[in-house]
Every structure is written in structure tokens, then in C-alpha cells.
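A.B. asks: Heads up: the sequence shown at position 311 corresponds to 323 in the working numbering, and the numbers run straight through without jumps. Think of the CB as a built atom: it goes at the ideal place given N, C-alpha and C, for glycine as much as any other residue. Every value quoted in this text rests on a predicted model; they were computed, and no experiment measured them.
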Amino acid sequence: MHRTLRQSLSTLAILAGALLLGGCNSCNRPHASPQQQAEHKSTQIPQPEADRLYALVAQQLQWGARVPGTSAHDSCRRWITEQLKMHADTVFEQPFTASVYGRRYSCTNIIARLFPERRERILLCAHWDSRPRADEDPIPENRSLPIPGANDGASGVAVVLEIVRLLRQQPPHGIGVDVVFFDAEDMGAPADAAMFCLGSKYFAANFPLPLRPRYGILFDLVGDHQARFFIEETSQQAAPSLVERLWKLGRLYGNGTFVEQRGGSVVDDHHALIELGIPTVDIIDLELVGNQSPIERRRYWHTRMDDMRNISGQTLQSVATVVLALLYSDTPFPL
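Here is the structure:
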């Protein structure tokens with residue numbers, strides 16, 4: 013994603029920092045009572061596994077940074093495709109060529125469908141590539157190297173893969189699910205927003221699905237130990253009812269990670285989907301973008317420090333549970 017000006021977030025960050033510095037573990041976060049949980053579900057919500065989610069992130073990093081044109085990128089593409097084939101009805105790839113600053117890259121969006129016979133559908137998505145330059149790294153020698161992309165990339169993929177697994181084990185009532193993992197999200201120079209989100213732009217311009225989903229949910233930067241998911245402004249404008257519903261469920265199931273306050277906007281893959289006519293919400297840890305967090309450890313966006321040390325299986329579990337609570341509710345289409 014590309015950094016944009018977020019004045020509203022800078023004020024909130026001061027308040028958030030006071031809370032976060034006092035404690036970061038889920039033991040300090042509010043939990044829904046059994047009565048509250050019962051009021052918000054008609055079907056038992058399947059339980060994501062924190063250890064499995066953590067391992068799914070680590071697996072993507074084992075080959076190295078998933079930069080287009082590298083062997084690590086190709087290995088991870090094949091692995092993601094195989095993971096989807098274990099649970100989805102249909103899996104296919106959408107290859108495209110990205111021209112970036114005079115160089116051409118072979119890229120691939122990875123797409124899957126569950127319950128294709130169902131006409132009422134939702135879209136789950138994340139980007140799976142790694143940024144080729146750690147241009148925010150405090151060490152100058154690192155800035156020409158790629159980022160590991162544990163949180164920026166792999167965390168969103170892990171959450172979607174775990175949701176897909178659980179959807180297959182316990183099919184939800186009446187809804188179909190489409191999945192897309194976007195490539196070439198993070199190729200642009202810092203001041204060049206047009207060169208970001210190339211995979212989602214290609215997907216929108218060459219829409220490969222037979223039906224348009226009712227709405228989409230994008231997962232980006234969703235794995236930090238001290239994650240704070242403020243409401244992203246473009247998401248609020250495009251899908252206010254969906255935002256309201258997700259953040260209310262976040263209050264119940266998010267273990268304190270979903271903050272019911274506006275946090276400004278970012279250029280991310282949801283923009284292309286919204287322009288296509290698919291209202292999409294970006295669940296994203298906005299404080300990380302631009303390294304605005306009041307906590308020094310969390311200032312690793314677009315640096316070589318975006319590695320497994322920052323990843324929490326419990327945070328990934330909370331995010332997955334919030335979305336599953338929506339999908340298994342009586343009203344999974346709040347729009």
C-alpha cells in the first residue's frame with residue numbers, strides 16, 4: 013500500500029500509544045461475554061488456529077522475499093495455489109505483465125472460488141508479493157534490498173487461507189466466496205502512487221469472475237502483536253454499513269484490536285475493487301503505514317525489520333474470527 017496523509021490518525025496515535033505502552037497482550041483486551049456472543053451468531057463460528065496462522069506466515073517467508081521475477085516468488089505462487097486447491101472448488105491463475113520503471117515483470121493474481129453454484133457472493137483478498145526495496149529502512153545499506161514482508165503481505169494471505177480452510181470444513185449458509193491474492197501491490201516508488209496495486213488494477217480491468225461479489229474484504233498488515241485496526245476512510249465512504257458491522261463484531265471478537273474511530277486513508281488494493289463496483293473494506297493497521305506508530309518496535313513498514321518477530325498468531329486469529337462471525341451470521345450481507 014502507498015502512504016497518504018492521515019491527519020486524523022496522528023491524533024489518535026497519541027491516545028493509542030498511552031494504552032499500548034501499558035500492555036500489549038490479549039490478556040489486557042476486552043472479551044465478549046457468552047451472552048453477547050450468542051446474540052451475534054446463529055451458527056457456531058468455526059475457530060481459527062493461532063499456531064496454524066503463524067505457521068502459514070512463516071511458510072511464505074521460507075523462500076525469501078516474494079519479489080516478482082525471483083525464484084522465491086515462483087515457489088510461493090505454487091505453494092499458495094496448492095493450498096487453495098485443497099479446499100476451494102476452483103483455483104486458477106491470472107497472469108499479467110507489469111511494466112515498472114523500464115523493466116517488465118511476470119506477475120500472477122491467484123484466484124479461487126468456493127460454492128460456485130451460489131449467486132450471492134463475497135470476495136476475500138490480500139496481496140502476496142513483497143516490496144523489492146526497503147526504502148524506509150534506517151540503515152542506508154538496506155534500502156536497496158527487498159523487505160521480508162511478514163506483516164506486509166504474508167499476514168493477509170495467512171488469514172484468507174485459514175478462512176478458506178474453515179469454510180470448506182463447515183460451509184456457511186447460502187453464500188459463495190471468491191478469493192483473490194493480488195500480485196505487484198508494492199512495486200512503486202514512495203512518491204508514485206500510480207505504480208502501486210498493479211495486480212488489483214489488472215484484476216478490475218480484466219474481471220475474471222462470472223458474477224460480481226456483493227462486497228469485498230481486504231486484509232493488509234493484520235498480524236502485529238499490538239495491532240490497532242482503525243477505520244480506513246475510503247472503506248467507510250464505500251461501504252459504511254459493512255464497516256459498522258465489522259467493527260461491531262470486532263468489539264466482540266477482536267480482542268481489542270478493532271478501534272471504532274476513523275484513521276485516515278491509504279492507497280491500497282480496495283480502490284480498484286471499489287471503482288469496479290464492489291464495495292470493499294480494508295482491514296489494515298494504519299499506524300504502521302508511514303511508520304507513525306508511537307511504539308518504536310512498530311516502525312518497520314517497508315524496512316528489513318518486517319519479519320516474524322512482529323507476527324502474533326493471536327492477532328491473526330482475532331482478525332479471522334471477526335470476519336468468520338460475519339460470514340456465519342444471520343445477515344452476512346449488511347449492504
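1) Let's test the definition: count the other Cβ atoms within 10 Å of the Cβ of arginine 309 and tell me whether it reaches 16, buried, or not, exposed.
2) Return helix, strand or coil for asparagine 154, following the three-state DSSP convention.
3) Between the alpha carbons of threonine 292 and glutamate 174, how many angstroms are there, rounded?
4) What are the residues that DSSP puts in a beta bridge with valine 103?
5) Under a three-way DSSP split, which group does glycine 262 fall into?
6) Okay, do the region 157-172 and the region 308-323 touch, 3+ Cβ pairs below 8 Å being the bar?
7) What span of residues does the beta strand (DSSP E) with aspartate 190 cover, start to end?
8) Rounded C-beta distance between valine 172 and phenylalanine 231? I'm assuming under 8 Å.
9) For arginine 177, report the span of its beta strand (DSSP E) as first-last.
10) Tell me whether serine 330 is buried or exposed, calling it buried when 16 or more other Cβ atoms sit within 10 Å of its Cβ.
11) Is histidine 314 helix, strand or coil when you go by DSSP?
12) Quick test of your reading: asparagine 322 and alanine 170, contact by CB under 8 Å. State the CB separation rounded to the nearest angstrom.
13) Between the Cα of lysine 260 and the Cα atoms of Ser341, Pro306 and Gln181, which residue gives the shortest distance?
14) Which parts of the region 187-242 are runs of the alpha helix (DSSP H), unbroken and 4 residues or longer, counting only runs that do not cross its ends?
15) Check whether the Cβ atoms of glutamine 106 and proline 222 sit closer than 7 Å, and answer yes or no.
16) May I have the straight-line CA-CA distance separating tyrosine 312 from leucine 300, to the nearest angstrom?
17) Closest to proline 128 by CA distance: which of Lys213, Ala216, Glu245 and Arg224 is it?
18) Whose CA, out of Leu288, Leu254, Ala337 and Gly325, lies closest to the CA of aspartate 294?
19) Please classify threonine 333 as buried or exposed, where buried requires at least 16 other C-beta atoms within 10 Å of its C-beta.
20) Suppose you measure from the CA of arginine 116 to the CA of threonine 109; what does that come to, to the nearest Å?
21) With DSSP as the reference, label tyrosine 117 as helix, strand or coil.
22) Keeping to the same chain, check which residues put their C-beta closer than 7 Å to that of glycine 186; ignore five residues upstream and five downstream.
23) Rounded to whole angstroms, what is the Cα-Cα separation between methionine 320 and alanine 124?
24) I'd like the list of long-range same chain contacts for isoleucine 243, defined as Cβ closer than 8 Å, with 5 residues on each side in sequence excluded.
25) Would you kindly check if the distance between the Cβ of valine 69 and the Cβ of alanine 166 is under 7 Å?
26) Could you tell me which residues DSSP pairs with histidine 139 in its beta bridges?
C.D. replies: Let me lay it out:
1) By the C-beta density criterion, arginine 309 is exposed, having fewer than 16 other C-beta atoms within 10 angstroms.
2) Three-state DSSP puts asparagine 154 in a helix.
3) The alpha-carbon separation between threonine 292 and glutamate 174 amounts to approximately 20 Å.
4) According to DSSP, which records beta bridges pairwise, valine 103 is partnered with Ala124.
5) The three-state reading of DSSP puts glycine 262 in helix, counting H, G and I together.
6) With the cut-off at 8 Å, the region 157-172 and the region 308-323 touch.
7) Membership of aspartate 190 in the beta strand (DSSP E) is indicated by the continuous run 188-194.
8) Contact holds; Cβ gap of about 6 Å.
9) Arginine 177: not part of any beta strand (DSSP E); member of the alpha helix (DSSP H) spanning 167-181, first to last residue.
10) Flag for serine 330 reads buried.
11) Reduced to three states, the DSSP call for histidine 314 is coil.
12) With a contact defined as Cβ atoms closer than 8 Å, asparagine 322 and alanine 170 miss out at about 13 Å.
13) Out of Ser341, Pro306 and Gln181, Ser341 has the C-alpha closest to the C-alpha of lysine 260.
14) Within the region 187-242, the runs of alpha helix (DSSP H) that reach at least 4 residues and sit entirely inside it are, in chain order, 210-217.
15) No.
16) Roughly 7 Å between the two C-alpha positions.
17) Ranking the options by Cα distance to proline 128, first place goes to Arg224.
18) Relative to the Cα of aspartate 294, the nearest Cα in the group Leu288, Leu254, Ala337 and Gly325 belongs to Leu254.
19) Classification of threonine 333: buried, given that the 10 Å Cβ count is 16 or more.
20) Computed Cα separation, rounded: 6 Å.
21) Tyrosine 117 falls in the strand class under three-state DSSP.
22) These residues qualify, in order along the chain: Arg130 and Glu132.
23) One Cα belongs to methionine 320, the other to alanine 124, and the distance between them is close to 27 Å.
24) Take isoleucine 243, set aside five residues on each side of it, and the residues of its chain with a beta-carbon closer than 8 Å to its own are Val255, Trp259, Val271, Glu272, Gln273, Arg274 and Gly275, in chain order.
25) Note that the C-beta distance between alanine 166 and valine 69 is below 7 Å.
26) BP columns for histidine 139 point to Phe194.
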